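**Q**
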Amino acid sequence: MAASVPVEKTIYLGAFAHCVALAELEIVEKGAIGVDEHGVIGFIEKEVDVEDVRKRHEGWNDAKVVSVKDGFFFPGFIDTHTHAPQHPNTGLFGKTTLLDWLDKYTFPMESSFSSLDKASRIYTNFVSRTLSHGTTTCAYYATRHVEATNLLADICLARGQRALVGRVCMDTLSPEYYRDESVESAVRDSKACIDYVRSIDAEGSIVRPIITPRFAPSCTAPCLAGLGKLAHEADAFVQTHVSENTSEIALVEELFPDSKSYTHVYDEASLLTPKTILAHAIHLSTEERKLVKERGSKISHCPASNTALTSGCCPVRELLDEGITIGLGTDVSGGFSPSILEEARHAIWTSRFVAMGTPAAAASSLNNAAKLSTAEALYLATRGGAAVVGLEDKVGGFEVGKEFDAQMIRLGSVPEEGDKEGVFGEDGAGGPVDLFGFESAEEKLEKWMYSGDDRNCVAVWVRGRLVHKTTRYTA
Ligand SMILES: [Zn+2]
1 MAASVPVEKT IYLGAFAHCV ALAELEIVEK GAIGVDEHGV IGFIEKEVDV EDVRKRHEGW
61 NDAKVVSVKD GFFFPGFIDT HTHAPQHPNT GLFGKTTLLD WLDKYTFPME SSFSSLDKAS
121 RIYTNFVSRT LSHGTTTCAY YATRHVEATN LLADICLARG QRALVGRVCM DTLSPEYYRD
181 ESVESAVRDS KACIDYVRSI DAEGSIVRPI ITPRFAPSCT APCLAGLGKL AHEADAFVQT
241 HVSENTSEIA LVEELFPDSK SYTHVYDEAS LLTPKTILAH AIHLSTEERK LVKERGSKIS
301 HCPASNTALT SGCCPVRELL DEGITIGLGT DVSGGFSPSI LEEARHAIWT SRFVAMGTPA
361 AAASSLNNAA KLSTAEALYL ATRGGAAVVG LEDKVGGFEV GKEFDAQMIR LGSVPEEGDK
421 EGVFGEDGAG GPVDLFGFES AEEKLEKWMY SGDDRNCVAV WVRGRLVHKT TRYTA
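With this note's numbering applied, the sequence shown corresponds to residues 1 to 475, in that order.
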């Protein structure tokens, strides 16, 4: 099991980049990051002669060295919201919006996870797929099946990917063939998954449980209240959806006429805690945002999904200015890519749509303040996400004392004569980013941000353990 393989004391040499604050990206061209046997960063050197770095640090003489060429080390990505069982539906959404999309694509697929063989095949593939995109931590929705949900936790632990794994609860307004039978069974099954996940990783260093009411429309008030009680008793994380689509908001108003708002429905069930992740949060009122802030709950911004299902453009700048903690979520398969790098690009595009407002207004009244920068989008993808999943002290950036969750990014180096016969890159697999040798360190990072993909992510580590590598990885 990847999570139990011993870690070798290692020094990672070469360029590295990470976000040190929301709008501040640090790029170190000649760096050294020493990672100990516990996967913890013991020292960091910046812009120094790295040749004799081992001699300068007592006890590091025999350390292994991993160097990066034509690229840099970057913190692992954190996906704060995705649905593992919907992976086979990736790219399938047609012209649906949220509520008909659920009926047409989602419920039929999720209900088939009563088959453990099917669950095993799809979950194994999805964990491989997210790791290959540099995702070192993932908040997963599973299905309502206890055994298949526990299997997803087993797979994450075996592969060494940090995960929050949640059994989906839904006791109403879902098809008869796919819903919890009663409030009691919904709470009991959720507790069974919490107990199982804690039994395989008592310290929660790799996998942790998360209570997962699908969203308010598919849970009765007693079910939500039962889950809120469980969240407090078990001191567990909670994830759900809020304020994604205007028809959904109208439905919540109809189903919960005594609640002040969609967000208040969750608050009345004691489900808004500092350990709660709310996906989407596109159309929140000022009062709802205040409530989220007061409760210390976090938001997962899923722009690719929000555009695919025409749900809306989340005003991320306003949420950030109000001090709400935000990370990015791929929301597969509302979202059509398992890549957080892709999601960071979509976060930037969405912020530009917000800036442009209506097409007629765009030319005359561009709201520049709404636009997210490269640094800001990458911050949400790493440190922001870490804070959403409660790991801000452990991962998200390179600092002494933090654990080494990282990806090695390599870019394509174009030879003097260009490329011949359609073979790109010196070793034939440069990925989609071509370097000509005259780019600054900042330009290399920008080029990766806007045109890179999983071909550039050649190796991935979680707590110092190698959990994914491609043929372009040479230690
Ligand atoms: Zn979702």
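Backbone N, C-alpha and C define an ideal beta-carbon position, used for all residues, glycine too.
This one's a predicted model, so the numbers in the text were calculated from it and none came from an experiment.
Kindly indicate the opening and closing residues of the beta strand (DSSP E) around Cys193.
**A** From DSSP, Cys193 is part of no beta strand (DSSP E) but of the alpha helix (DSSP H) over Val183 to Ile200.
**Q** Please say whether Gly39 and Arg463 have beta carbons closer to each other than 8 angstroms?
**A** Cβ atoms of Arg463 and Gly39: closer than 8 angstroms.
**Q** Could you pull out every residue in the same chain whose Cβ sits closer than 6 angstroms to the Cβ of Pro222, ignoring the five residues on either side in sequence?
**A** Val183.
**Q** Measure the Cβ-Cβ separation of Leu116 and Gln161 and say whether it is below 8 angstroms.
**A** Result no, Cβ atoms of Leu116 and Gln161 do not sit closer than 8 angstroms.
**Q** What is the C-beta distance between Cys219 and Asp258, in whole angstroms, given that I count them as a contact (C-beta under 8 angstroms)?
**A** Between Asp258 and Cys219 the Cβ distance is about 16 angstroms, and since that is not below 8 angstroms, they are no contact.
**Q** Based on Cα-Cα distance, which residue from Ala21, Ser111, His18 and Gly42 lies nearest to Thr10?
**A** Thr10 has its Cα closest to that of Gly42, out of Ala21, Ser111, His18 and Gly42.
**Q** Which residues in the same chain have their Cβ closer than 8 angstroms to the Cβ of Lys476, if we skip the five residues on either side of it in sequence?
**A** The requested residue 476 is not part of the displayed model; the chain covers only 1 to 475.
**Q** Could you tell me whether any non-hydrogen atom of ligand 1 is closer than 7 angstroms to the CB of His283?
**A** No, Cβ of His283 sits at least 7 angstroms from all heavy atoms of ligand 1.
**Q** Is Thr136 helix, strand or coil by DSSP?
**A** In this structure, Thr136 counts as strand in the three-state DSSP scheme.
**Q** Which one or two residues does DSSP pair with Met408 in a beta bridge?
**A** Looking at the DSSP assignment, Met408 forms a beta bridge with Phe73 and Ala459.
**Q** Are the CB atoms of Ala17 and Glu26 within a distance shorter than 8 angstroms?
**A** Cβ atoms of Glu26 and Ala17: closer than 8 angstroms.
**Q** Measuring straight from C-alpha to C-alpha, what distance separates Leu13 and Ile33?
**A** Their Cα atoms are separated by approximately 7 angstroms.
**Q** Less than 7 angstroms between the CB of His476 and some heavy atom of ligand 1, yes or no?
**A** Lying outside 1 to 475, the shown extent of the chain, residue 476 is not represented and no answer is given.
**Q** Taking Ala347 and His301 to be in contact with their CB atoms under 8 angstroms, please state how far apart those CB atoms are, rounded to whole angstroms.
**A** Between His301 and Ala347 the Cβ distance is about 6 angstroms, and since that is below 8 angstroms, they are a contact.
**Q** With 16 other CB atoms within 10 Å as the buried threshold, where does Asp100 fall?
**A** With fewer than 16 Cβ atoms within 10 Å of its Cβ, Asp100 is classed as exposed.
**Q** Could you tell me which residues DSSP puts in a beta bridge with Pro213?
**A** According to DSSP, which records beta bridges pairwise, Pro213 is partnered with Cys169.
**Q** Only counting the same chain, and skipping five residues up and downstream in sequence, which positions put a Cβ closer than 8 angstroms to that of Val400?
**A** Excluding sequence neighbours, Val400 sits near Ile41, Gly42, Phe43 and Ile44.
**Q** How close, in whole Å, do the beta carbons of Leu341 and Asp434 come, if the pair is a contact with beta carbons under 8 angstroms?
**A** Between Asp434 and Leu341 the Cβ distance is about 17 angstroms, and since that is not below 8 angstroms, they are no contact.
**Q** With DSSP as the reference, identify every bridge partner of Asp79, one or two as the case may be.
**A** Cys138, per the DSSP bridge assignment.
**Q** Based on the DSSP output, what are the partners of Asp434 in its beta bridges?
**A** Looking at the DSSP assignment, Asp434 forms a beta bridge with Gly412.
**Q** For Lys118, which residues from the same chain have a beta carbon less than 8 angstroms from its beta carbon, with the 5 sequence-adjacent residues on both sides left out?
**A** The residues are Ser112.
**Q** With DSSP run on the structure shown, which of helix, strand or coil describes Trp287?
**A** One point to set straight first is that residue 287 is Glu, not Trp, in the sequence displayed. Helix at Glu287.
**Q** Less than 8 angstroms between the CB atoms is what I'm expecting for Asp133 and Pro338, so what's the real figure, rounded?
**A** For the record, residue 133 in the displayed sequence is His; it is not Asp. Indeed, because the Cβ distance is near 6 angstroms, the residues count as touching under 8 angstroms.
**Q** Thinking just about the alpha-carbon of each residue, which of Thr350, Gly59, His232 and Leu152 is nearest to the one in Ile200?
**A** With distances taken between Cα atoms, Ile200 lies closest to Leu152.
**Q** Sorted by chain position, which residues of the same chain lie with C-beta nearer than 7 angstroms to Val5's C-beta, five sequence neighbours on each side aside?
**A** Correct list, in chain order: Arg465.
**Q** Between which two residues does the beta strand (DSSP E) containing Cys313 stretch?
**A** That residue, Cys313, is in no beta strand (DSSP E); it is neither H nor E in DSSP.
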